[in-house]
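Numbering (this note's numbering), first residue to last: 145 to 259.
As structure tokens, this is what we get:
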């Protein structure tokens, strides 16, 4: 009986660490794409900003599904900022600065979520 409990506990720990690794991997990819979105936004490439923000959003949503606590709060805030960046980026050059600012906010939230 004792071995069964230990085996069960070991499996739970393994599954917990695997989900943490998945969240960490997606959060890192989201941060990378969000940083690329900022770079392209500052360069005046709204369409490329949208591409990277969209990729960042996919990864941020995946990370949010398994994240917990304060990390999840920051990742969720990053998701909202990325959605705003995409929305403004699609509006064209006149909204480029707003899209870039939203992407910068996403980067800050995702950095906090990656701690």
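C-beta: ideal position from N, C-alpha, C; glycine also.
Notebook entry, point to check: If you compare alpha carbons, which of 180, 172, 168 is closest to residue 246?
Noted result: By alpha-carbon distance to residue 246, the top candidate from 180, 172, 168 is 180.
Check: Under 8 Å, do residue 251 and residue 175 count as touching if we go by C-beta distance?
Finding: The beta carbons of residue 251 and residue 175 sit closer together than 8 Å.
Check: With C-beta atoms as the reference, is residue 206 less than 8 Å away from residue 226?
Finding: Contact flag unset, no.
Next item on the list: For residue 218, I'd like the list of residues in its chain whose CB is within less than 6 Å of its CB, leaving aside the five on either flank, ordered along the chain.
Entry: Apart from sequence neighbours up to five positions away, the residues of its chain that approach residue 218 with a beta-carbon distance below 6 Å are 253, 256, 257, ordered along the chain.
Next item on the list: Determine the closest residue to residue 172 out of 232, 242, 241, 201, with distance taken between C-alpha atoms.
Entry: Sorting 232, 242, 241, 201 by C-alpha distance to the C-alpha of residue 172 places 201 at the top.
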